[in-house]
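Residue numbers (the working numbering), protein chains in the order written: chain A, -8 to 191; chain B, -8 to 191.
Glycine included, C-beta positions come from ideal geometry on N, C-alpha and C.
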DNA sequence: CGGCGTTTTGAGAGAGCTCAACATCGGTGG
DNA sequence: CCACCGATGTTGAGCTCTCTCAAAACGCCG
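Following this line, the structure appears as structure tokens:
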């Protein structure tokens, strides 16, 4: 993730890293857009500040995530970016990216493909949130993240991370997994989950 | 929406419409990708069928939505598309879109911009689902959808539609809006909501 | 006027969240 | 090698909030 495969070597070479202290602002509404950011370390949140000063969060970006893709196509930012923790970000300058987009059809295609994939996974995750039952939500997650054989799911991080991605409290996830294992629907191993069958 | 502004006239001219009966399959996993679909009427769901035959829904596309953007960059489909109701879809053939993407930097940029905007709104909606309290979720929605003055929100459809977008039951939304109005936080008018203040 | 969909309000139940205590594991330093 | 520490993992119990089911008022259109 720290070297996105959809970026050519030349673009990666033009990247600039920057460190942020917790609470520090990366950019503000109305400022000129600088380019595309990638989070290297820490967390940065995108917020829109309303009339009364309250924040409405648009995104919380974690390491590996990109920030403000849409800003590439706008003159100014339409929200604020604030570091939620100490963080390090990598800036891919707008001029270079846009230039490459114009000149290099291959890059344009890779870039569009990356965005299209993101759209798909985001829509899937949004769809998942429409499922109320914790167990069904876990089933949905497992079905979608299973390897091609449909039998094994490799957990990318901790179970707490998985709970956050699922929009469940970690306690609820632990309980649900324990029940599913007790019912023989899954088998839990170190870092992976094996699907046994789905009780029809 | 029925004539996306990011598509040039020549591409729109190449579109092909097709009608689907409820339950009919638009494409299946493994089939050659035909292009980008736009929903004209009805609903089409994208699903992945798991080993035991159960569906995992990836997306439910409504009129105006696009379907399978990522398929433009893949040889075959990775999920099934099935009409949930009688529906009409418009196909923008892959060869034409990809060709245009290669040859026309302006189109490539518009296409990428459209995808980037979608990524942003999807991330925002996903973030919104992390808010548990119905009232705070409504506040978030209003803050994000308020006009630049930050005082008025125009409702795009019925309140039931809004409830669905918020991931709330319509009853819960009605109640929450009634309470907020009673507390003087909002004023309800025909088709719009006025924000008065946010109780600190 | 009659019918259909939206909007409202009521009551009850269930599911997940919160708080809390404890177990487990990996790393760190004495 | 062992004690300690922090983070993850686990289980328990109560509570709140939303969902669900129900019923009725309202508004629009033929």
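- For a Cβ distance threshold of 8 Å, residue set 111, 114, 115, 118 and 135 of chain B lies close to residue 49/A, ordered along the chain.
- Taking every protein chain shown into account, the CB of residue 91/B has 16 or more other CB atoms within 10 angstroms, so this residue is buried.
- Your pair residue 88/B and residue 106/B does not check out as a contact, with CB atoms roughly 13 Å apart and the cut at 8 Å.
- Scanning 182/B, 142/B, 159/B and 163/B for the CA closest to the CA of residue 188/B turns up 142/B.
- For residue 159/B, there is no enclosing alpha helix (DSSP H), as DSSP marks it with neither H nor E.
- In this structure, the straight-line span from the alpha carbon of residue 185/B to that of residue 150/B is close to 15 Å.
- The closest CA to that of residue 37/B, considering only 114/A, 157/A and 178/A, is found on 114/A.
- Residue 128/B counts as buried, since at least 16 other C-beta atoms from the protein chains shown sit within 10 angstroms of its C-beta.
- When secondary structure is reduced to three states using DSSP, residue 34/A falls in the coil class, being assigned neither helix nor strand.
- Under the DSSP definition of a beta bridge, residue 71/A partners with 38/A.
- Our two residues, residue 82/B and residue 42/A, have alpha carbons roughly 43 Å apart in a direct line.
- Residue 119/A sits away from residue 118/B, with the two beta carbons spaced by 7 Å or more.
- Per DSSP, residue 78/B is one residue of the beta strand (DSSP E) stretching across 78 to 84.
- As for any beta strand (DSSP E) of minimum length 3 sitting wholly inside the segment 92 to 163 of chain A, the runs are 143 to 145, ordered along the chain.
- Cβ-Cβ separation between residue 68/A and residue 33/A: approximately 20 Å, too far for a contact (criterion under 8 Å).
- Within its own chain, the residues whose Cβ lies closer than 7 Å to the Cβ of residue 153/B, once the five positions on either side in sequence are excluded, are 146 and 164, listed in chain order.
- For a cut-off of 8 Å, the C-beta gap from residue 17/A to residue 74/A is around 7 Å, short enough to register as a contact.
- Rounded to whole angstroms, the gap between the alpha carbons of residue 131/B and residue 25/B is 39 Å.
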